[in-house]
Structure formats: C-alpha cells, structure tokens
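Undergrad:
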Amino acid sequence: MANRRVLKKNVNILCEMLLFQYLLYVDLKKETIENTDELFSEILTLRDEFLSRISHTEKGSEKLFYKKFNEDFGNRFEAVVAKFEKLSK
101 MANRRVLKKN VNILCEMLLF QYLLYVDLKK ETIENTDELF SEILTLRDEF
151 LSRISHTEKG SEKLFYKKFN EDFGNRFEAV VAKFEKLSK
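Shown next, in the form of structure tokens:
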C-alpha cells in the first residue's frame, strides 16, 4: 500500500500535467473550441474526486480499496486523455 501523501502527490502531478497540456493546446489554437470547458472541468473533477477518495480509506479492507482505486483512476484518466486526443485532432 502506498503512502497517502505520495499517492496524493501522484494524482496531483498527473492531473496538473494534463491541465498544462490542455491549457497549452487552447492557447496555441487561439480559437473557440467546443467542449473545451467541459474537458477542463472534467480534469478538475477527476482530481478532486480521487483526492477525496484517498482521504476516506475504508478501514479493514485497505488492500482491496487501493486496488479498486488504482483501477478506477487509471480508467478515468485514460478516458480523459482519449477525449483530449479526440479534441486535438
């Protein structure tokens, strides 16, 4: 099981990298793009949701909790990246 502090830092770093790429793309595009605000809010929601989940670990089943956490975060993160790639094409 990972240290909560390290896990929170990793979630923050991944979401910040995605936000940076998003902001860079929007700045370079210099035109109004539909669904960009939706993607921005989805990235922030992803970060907030998973940081709050880390803070509320279920006692007694930590191993199962973190296994499910990693699967859920990976799936949601990949979904957001796929939306970003689709938007940038």
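Our numbering applies: residue 101 is where the sequence shown begins, and numbers increase by one.
Ideal Cβ positions, reconstructed from N, Cα and C, are used throughout, including at glycine.
Using the Cβ count rule (16 or more neighbours within 10 Å means buried), how would you classify Phe120?
TA: Locating residue 120 in the sequence shown gives position 20, where the first residue counts as 1. Flag for Phe120 reads exposed.
Undergrad: Do Phe177 and Leu114 have their C-beta atoms within less than 9 Å of each other?
TA: The residue labelled residue 177 in the question sits at position 77 within the sequence shown. The residue labelled residue 114 in the question sits at position 14 within the sequence shown. Yes.
Undergrad: Go ahead and pull the three-state DSSP assignment for Gly174.
TA: Position 74 of the sequence shown, counted from the first residue, corresponds to residue 174. Helix.
Undergrad: Identify the continuous alpha helix (DSSP H) that holds Thr157 and give its terminal residues.
TA: Along the sequence shown, one-based indexing puts residue 157 at 57. Thr157 -> no alpha helix (DSSP H), and no H or E assigned at all.
Undergrad: How is the alpha helix (DSSP H) around Asn112 delimited, first residue to last?
TA: As a working note, residue 112 is residue 12 in the sequence shown. Per DSSP, Asn112 belongs to the alpha helix (DSSP H) from Arg104 to Lys129.
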